[in-house]
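If you count by my numbering, then the sequence shown holds residues 618 to 800, one letter each, in order.
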Amino acid sequence: MKKFTLKNFQEKFPNDNVCLEWLRKKLYPRKIYCINCKKSTLHHRIKSKRVYGCDYCGHQISPTAGTIFHKSSTPLTIWFYVIFQMAQTRGGISAKQIQRETGVTYKTAWRMCYLIRERLDEDISPFGGDVEVDDSYFGGKRKGKRGRGAEGKTPVLGIVKRKGAIKAVVVPNLKTKTIDPII
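The following block contains the structure:
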């Protein structure tokens, strides 16, 4: 796998318009459903703002709404750069270093780092669509009873997305009340 370098980053995200378009494509890969006219239509970019307007009724949507970029006057290129830097460094990066590299105030750099770390810390489930779930018991002593009722065994729930992510979770028991929130 080829490493994504700073040069690659700068080529992929040279300006705010490219960053906003990338964000729009990630959030709305196809036509956007307009909540105003109740139609799935194409939207056009409104040049002076970070918004897209419905081609049918003119209702505006913003790809930054509800994200860490919402109501931020900091350019998206700086936001994307900070995310890139935080992903590239093994031990993280300080707000002071972000301030020096980007030219924003320390308060802005601290807020950006805080919001990014907060989102990275969220347990976002990589599973959606078709998944397979199975349970198993591990550990314990071999003597005595075997199978589901064996003493000292730890119940583990496994979740696999077809052609995708895998997750194993140690659970206290395999009852529906315990398993449903995980799935």
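Note that CB positions come from ideal geometry on N, CA and C, so glycine has one too. None of these values were measured; they are calculated from a predicted model.
Under the three-state DSSP convention, the category residue i falls into
i: C674; result: coil
i: I587; result: Not covered by the structure: residue 587. The range shown for the chain is 618 to 800.
i: D633; result: helix
i: T793; result: helix
i: T622; result: coil
i: R662; result: strand
i: Y645; result: coil
i: V788; result: coil
i: I733; result: helix
i: I799; result: coil
i: F755; result: strand
i: T681; result: coil
i: T691; result: coil
i: F686; result: coil
Sheet register partners of residue i (DSSP bridge)
i: S657; result: Y650
i: D738; result: For D738, which the question treats as bridged, DSSP gives no partner whatsoever.
i: G720; result: Answer by DSSP bridge pairing: none, since G720 is not bridged.
i: T771; result: F755
i: K778; result: V748
i: V801; result: Summary: the structure shown does not reach residue 801, with the chain confined to residues 618 through 800, and so no result is reported for it.
i: I783; result: V777
Outcome for residue i when other beta-carbon atoms lying within 10 angstroms are tallied against a minimum of 16
i: I776; result: buried
i: T725; result: buried
i: Y698; result: buried
i: I663; result: exposed
i: S679; result: buried
i: I783; result: exposed
i: I799; result: exposed
i: Q702; result: buried
i: L640; result: buried
i: T681; result: buried
i: T719; result: buried
Beta-carbon gap between residue i and residue j smaller than 8 Å
i: I695; j: V668; result: no
i: T771; j: V787; result: yes
i: K642; j: L659; result: no
i: N653; j: H687; result: no
i: L774; j: D752; result: yes
i: Q716; j: Y723; result: yes
i: W727; j: A712; result: yes
i: E636; j: L693; result: It should be pointed out that residue 636 corresponds to Cys in this sequence rather than to Glu. Yes, they are a contact pair.
8 Å contact criterion, which residue i and residue j should meet: CB distance rounded
i: Y645; j: K656; result: In fact, because the Cβ distance is near 14 Å, the residues do not count as touching under 8 Å.
i: I685; j: R736; result: 6 Å
i: G756; j: G769; result: 7 Å
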